[in-house]
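Those sequence lines, one after another, are chains G and C.
Counted the way the working numbering counts, the first sequence spans residues 211 to 583.
Counted the way the working numbering counts, the second sequence spans residues 211 to 583.
By construction, the Cβ of each residue, glycine as well, lies at the ideal position given by its N, Cα and C atoms.
Protein chains: 2
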Amino acid sequence: MTDVKRLHEKRTVWWQQDGAHGAVCMIDQSLLPGEVVILTLTHEQQVADAIARLQVRGAPAIGVTAALGMALAISRLRDEQGDTLAVEQAVAHLRNVGELLRGTRPTAVNLAWSVDRMIRHAQQAVRDGCSLPELAQGMQAEAQAIAGEDFEACLRMGEFGATLIADGDTLLTHCNTGWLATAGWGSALASIYVAHRSGKKLHIFVDETRPVLQGARLTAWELQQEGIPLTLITDSMAAHFMRYGGIKGVFVGADRIAANGDVANKIGTYGVAVLAQAHAIPFYVVAPRSTIDLSLASGERIPMEQRNPDEITSIRGIPIAPAGIHAANPAFDVTPGSYITAIVTDAGIARPPYNQSLRALCAGYHAVGTGNV
Amino acid sequence: MTDVKRLHEKRTVWWQQDGAHGAVCMIDQSLLPGEVVILTLTHEQQVADAIARLQVRGAPAIGVTAALGMALAISRLRDEQGDTLAVEQAVAHLRNVGELLRGTRPTAVNLAWSVDRMIRHAQQAVRDGCSLPELAQGMQAEAQAIAGEDFEACLRMGEFGATLIADGDTLLTHCNTGWLATAGWGSALASIYVAHRSGKKLHIFVDETRPVLQGARLTAWELQQEGIPLTLITDSMAAHFMRYGGIKGVFVGADRIAANGDVANKIGTYGVAVLAQAHAIPFYVVAPRSTIDLSLASGERIPMEQRNPDEITSIRGIPIAPAGIHAANPAFDVTPGSYITAIVTDAGIARPPYNQSLRALCAGYHAVGTGNV
Chain G
211 MTDVKRLHEK RTVWWQQDGA HGAVCMIDQS LLPGEVVILT LTHEQQVADA IARLQVRGAP
271 AIGVTAALGM ALAISRLRDE QGDTLAVEQA VAHLRNVGEL LRGTRPTAVN LAWSVDRMIR
331 HAQQAVRDGC SLPELAQGMQ AEAQAIAGED FEACLRMGEF GATLIADGDT LLTHCNTGWL
391 ATAGWGSALA SIYVAHRSGK KLHIFVDETR PVLQGARLTA WELQQEGIPL TLITDSMAAH
451 FMRYGGIKGV FVGADRIAAN GDVANKIGTY GVAVLAQAHA IPFYVVAPRS TIDLSLASGE
511 RIPMEQRNPD EITSIRGIPI APAGIHAANP AFDVTPGSYI TAIVTDAGIA RPPYNQSLRA
571 LCAGYHAVGT GNV
Chain C
211 MTDVKRLHEK RTVWWQQDGA HGAVCMIDQS LLPGEVVILT LTHEQQVADA IARLQVRGAP
271 AIGVTAALGM ALAISRLRDE QGDTLAVEQA VAHLRNVGEL LRGTRPTAVN LAWSVDRMIR
331 HAQQAVRDGC SLPELAQGMQ AEAQAIAGED FEACLRMGEF GATLIADGDT LLTHCNTGWL
391 ATAGWGSALA SIYVAHRSGK KLHIFVDETR PVLQGARLTA WELQQEGIPL TLITDSMAAH
451 FMRYGGIKGV FVGADRIAAN GDVANKIGTY GVAVLAQAHA IPFYVVAPRS TIDLSLASGE
511 RIPMEQRNPD EITSIRGIPI APAGIHAANP AFDVTPGSYI TAIVTDAGIA RPPYNQSLRA
571 LCAGYHAVGT GNV
């Protein structure tokens, strides 16, 4: 079915061990597709900055990055202070690093979920009487476990999502939800990859996804590498092609999903969902269970990141608007569950009413103590 | 009411007479707002190129530009060949120039309307036994008449449109429909200008309008100069701010309006209209009667300009997508009349059913022989 070997060659963020020194490595996505530059980060502050600057982005990918960043913090602390440092002090530092990382991007729940899980793991290590080297080892292992689970979740989302795609389909996607956005081969794009590799002929309309152009820069690049036919469009063309382009379904990812199925995702998603409903086109959200936040009854409570208006008034440093004007830059919007045909997770496909279906899918998952309930 | 004197200071395209030599002058809108460069064009081919390159754009403005271009063609011909040239030969040349200009941008009917009117005027001059200098003089006068009528039409559209705007309103607009788009102070923006100058407090959400960014570059610049508070947003944010931003109305222009009220306008307009309807927000189209094409029963028959995909894959020459990918670039879309709350013209406000209301508004206008029926 899935070509896992080939998938392993594509990775967006990973741990690098060089003797006693650890580092977090990642593709600098802010430079794609023009340049493929690998960043080697040796301090947790650099990891936080990379997340804030969107050098790594995508809800699952920043969850994995934050976990690796916390493993890096302990590794760096050992380098600096040696192994005589009290484990409790190391854990206190980890809590601060967790706050630092958590503050970079408030909307995607995967990041907070990942930080919480790493801190819980460290606290357990203290209770277990671990030494500092053992704590460091355990943190690396836990970060790798999070990455590994995300990799597996991508495989399962791909398989489930592909069942919603027919041979010959023309689909539309917004933002980037592929291997650059996860530790595996993606969420929404994984469904498209699985469908494509199983022999279904597809054509993908790719929203460029202003302001940061993740569609034009990242999704178009991923699909091109995979050999899947695509048409890049501006976000403003989606309605026109829904009417005339034969689009059979919309596939997007998610940054946080509330208990009622409201979905926070890249700005523009809500508009695409309203347009899809107006054209009677199914609208699918694909995300791992780590994106579901059952503690929030609805999307109204999801914290919304407001980014720098410079992303609107200039492109790659070139001004495209008059100096001194006011611009808004909400990074996300909320799509009410009522616009969503189905939510595809790594544990299966949820359909309305989401209050019941999401809770059912997450039952076993949350019981293992991942803590986002 | 309207500060006509101040309006005359703002002009986007005009005739310049330097002794015996004429020229068409315009602000190079492709460089705004960074640079304000005036182009002085002395050959009709330059005028055609300027229209094709969007150095001048906006349906009424390119209609006026084409008329001035035809006056320039005769002026240049006299410079080159002297006044012994037969008038019939001059008119034959004008027909070729008309085809050249008409071919630059197929969607906006004002351009074809203007070319037809200039040719009819030339043919009448031949029938009247005019000399070549008289023909040249007449062509200049006719072009100026078209510009003058557009100026007056803008005043009236502004007055009619402003009646739809209340003190304190937050509005949304797409593309540029101000003085840069017309020979006066605009179509949709004229309504906003009149409302603002009459003391109504307004806040305008400005869609940046990818790919050519007429909203970010031109509308934001115009509103800033006028002192009207604005928020620049990406096109993908319109839905979010319709839901949460208190938007009370959408005002857009038009490039061609069919007899049933279907409106061709800048790509993205259709999506905005669907979103407005979903949020129960009135959607207004503002355009002079020269934009109405009663010869077309519906929008299905409006010719749609497809522009170079480079406008999608690069911004100001900088690539923003992988090399070699396919991109679509329809310059316009069609909004069905069923999404349009009212069409504001220089002769009054048309409401559904448009088949009746538009024909009624145009009755006198078309009777004077402007020929777009």
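Could you please give the first and the last residue of the uninterrupted alpha helix (DSSP H) stretch that includes residue i?
{"i": "N306(G)", "result": "297-312"}
{"i": "V484(C)", "result": "479-488"}
{"i": "L440(C)", "result": "Note, L440(C): premise wrong, no alpha helix (DSSP H); beta strand (DSSP E) at 440-443."}
{"i": "Y494(G)", "result": "Segment 493-496 is the beta strand (DSSP E) holding Y494(G); no alpha helix (DSSP H) there."}
{"i": "R407(G)", "result": "398-407"}
{"i": "R453(C)", "result": "448-454"}
{"i": "I467(G)", "result": "Where I467(G) is concerned, there is no enclosing alpha helix (DSSP H), although the beta strand (DSSP E) it sits in stretches over 466-468."}
{"i": "V584(C)", "result": "The question about residue 584(C) has no answer here: the residues shown for chain C are numbered 211 through 583."}
{"i": "A262(G)", "result": "254-262"}
{"i": "L433(G)", "result": "430-436"}
Starting from residue i, find everything on chain C with Cβ-Cβ shorter than 8 angstroms and list it in chain order.
{"i": "E418(G)", "result": "R420, I522, I530, A531"}
{"i": "Q434(G)", "result": "P532, G534, I535"}
{"i": "D465(G)", "result": "Neighbours of D465(G) on chain C: none; closest Cβ ~14 angstroms, over 8 angstroms."}
{"i": "I525(G)", "result": "I525, R526, I528, I530"}
{"i": "P513(G)", "result": "Chain C residues near P513(G): none, gap ~15 angstroms exceeds 8 angstroms."}
List, in order along the chain, the chain G residues whose C-beta lies closer than 7 angstroms to that of residue i?
{"i": "G547(C)", "result": "Near G547(C) there are no residues of chain G at all, since even the closest Cβ is about 15 angstroms away, more than 7 angstroms."}
{"i": "L423(C)", "result": "I530"}
{"i": "P343(C)", "result": "Ordered by position in chain G, no residue passes the 7 angstroms Cβ test against P343(C), which lies about 45 angstroms from the chain."}
{"i": "V427(C)", "result": "For clarity, residue 427(C) is Arg in the given sequence; the question names Val instead. Ordered by position in chain G, the residues that pass the 7 angstroms Cβ test against R427(C) are I530, A531."}
Please report the residue range of the beta strand (DSSP E) in which residue i lies.
{"i": "N320(G)", "result": "From DSSP, N320(G) is part of no beta strand (DSSP E) but of the alpha helix (DSSP H) over 319-337."}
{"i": "H413(C)", "result": "413-417"}
{"i": "T250(G)", "result": "248-251"}
{"i": "I272(G)", "result": "That residue, I272(G), is in no beta strand (DSSP E); its alpha helix (DSSP H) goes 269-291."}
{"i": "G558(G)", "result": "558-560"}
{"i": "I535(C)", "result": "Run containing I535(C): none; DSSP gives neither H nor E here."}
From the DSSP output, read off the bridge partner residues of residue i.
{"i": "K476(C)", "result": "F542(C)"}
{"i": "P513(G)", "result": "Answer by DSSP bridge pairing: none, since P513(G) is not bridged."}
{"i": "Q226(C)", "result": "A233(C)"}
{"i": "P243(C)", "result": "BP columns for P243(C) are empty, so no partner."}
{"i": "V460(C)", "result": "L382(C), F493(C)"}
{"i": "G388(C)", "result": "G396(C)"}
{"i": "I375(G)", "result": "For I375(G), which the question treats as bridged, DSSP gives no partner whatsoever."}
{"i": "P529(G)", "result": "S524(G)"}
{"i": "D503(G)", "result": "A468(G)"}
Who are the neighbours of residue i on chain G, taking C-beta pairs under 9 angstroms?
{"i": "A541(C)", "result": "Per Cβ cutoff of 9 angstroms: no residues; A541(C) is ~10 angstroms from chain G at best."}
{"i": "W225(C)", "result": "Chain G residues near W225(C): none, gap ~28 angstroms exceeds 9 angstroms."}
Could you tell me which chain C residues have their CB closer than 7 angstroms to the CB of residue i, listed as they occur along the chain?
{"i": "A538(G)", "result": "T441, I443, M447"}
{"i": "A405(G)", "result": "Chain C residues near A405(G): none, gap ~19 angstroms exceeds 7 angstroms."}
{"i": "A430(G)", "result": "A531, P532, I535"}
Quick check: is the beta carbon of residue i nearer than 7 angstroms to any beta carbon in chain A?
{"i": "H450(C)", "result": "Absent here is chain A; the protein component of the structure consists of chains G and C."}
Problem set entry | Inter-stretch contact at 8 angstroms, needing at least 3 Cβ pairs: the segment 224-241 of chain G / the segment 309-317 of chain G | In this structure the segment 224-241 of chain G does not touch the segment 309-317 of chain G; the number of beta carbon pairs closer than 8 angstroms is below three.
Problem set entry | At least three beta-carbon pairs within less than 8 angstroms, the segment 440-454 of chain C to the segment 537-547 of chain C | no
Exercise. Closer than 8 angstroms, Cβ to any Cβ of chain C: which residues of the segment 389-403 of chain G, in chain order?
Worked result: none
Exercise. Are at least three pairs of beta-carbons, each pair with one atom in the segment 374-394 of chain G and one in the segment 345-363 of chain G, less than 8 angstroms apart?
Worked result: yes
Problem set entry | the segment 324-337 of chain G touching the segment 276-287 of chain G, judged by at least three CB pairs closer than 8 angstroms | yes
Exercise. Just by C-beta distance, which residues in the segment 233-262 of chain C are closer than 7 angstroms to chain G?
Worked result: So the close ones are P243, G244.
Exercise. Going along the chain, which residues of the segment 436-469 of chain G sit with their C-beta nearer than 8 angstroms to a C-beta in chain C?
Worked result: P439, L440, T441, L442, I443, T444, D445, S446, M447, A448, A449, H450, F451, R453
Problem set entry | Residues, ordered as in the chain, of the segment 306-335 of chain G that lie near chain C by beta-carbon distance below 9 angstroms | none
Exercise. Taking Cβ-Cβ distances below 9 angstroms as the criterion, which residues of the segment 260-288 of chain G are in contact with chain C?
Worked result: Of all residues in the segment 260-288 of chain G, none has a Cβ within less than 9 angstroms of some Cβ in chain C.
Exercise. Listed from N- to C-terminal order along the chain, which residues in the segment 473-493 of chain G have their beta-carbon within a distance smaller than 9 angstroms of any beta-carbon of chain C?
Worked result: K476, I477, G478, T479, Y480, G481, V482, A483, V484, L485, Q487, A488, H489
Exercise. What residues in the segment 359-381 of chain G have a beta carbon less than 8 angstroms from any beta carbon of chain C?
Worked result: none
For this session: Determine contact between the segment 507-522 of chain C and the segment 481-491 of chain G, defined as no fewer than three beta-carbon pairs at a distance below 8 angstroms.
Result: no
Exercise. Quick one: any contact between the segment 458-478 of chain C and the segment 363-383 of chain C, if contact means 3 or more CB pairs under 8 angstroms?
Worked result: yes
Exercise. Does the segment 422-440 of chain C come close enough to the segment 526-535 of chain G to have 3 or more Cβ pairs within less than 8 angstroms?
Worked result: yes
Exercise. Is the number of C-beta pairs between the segment 549-568 of chain G and the segment 460-477 of chain G that are closer than 8 angstroms three or more?
Worked result: yes
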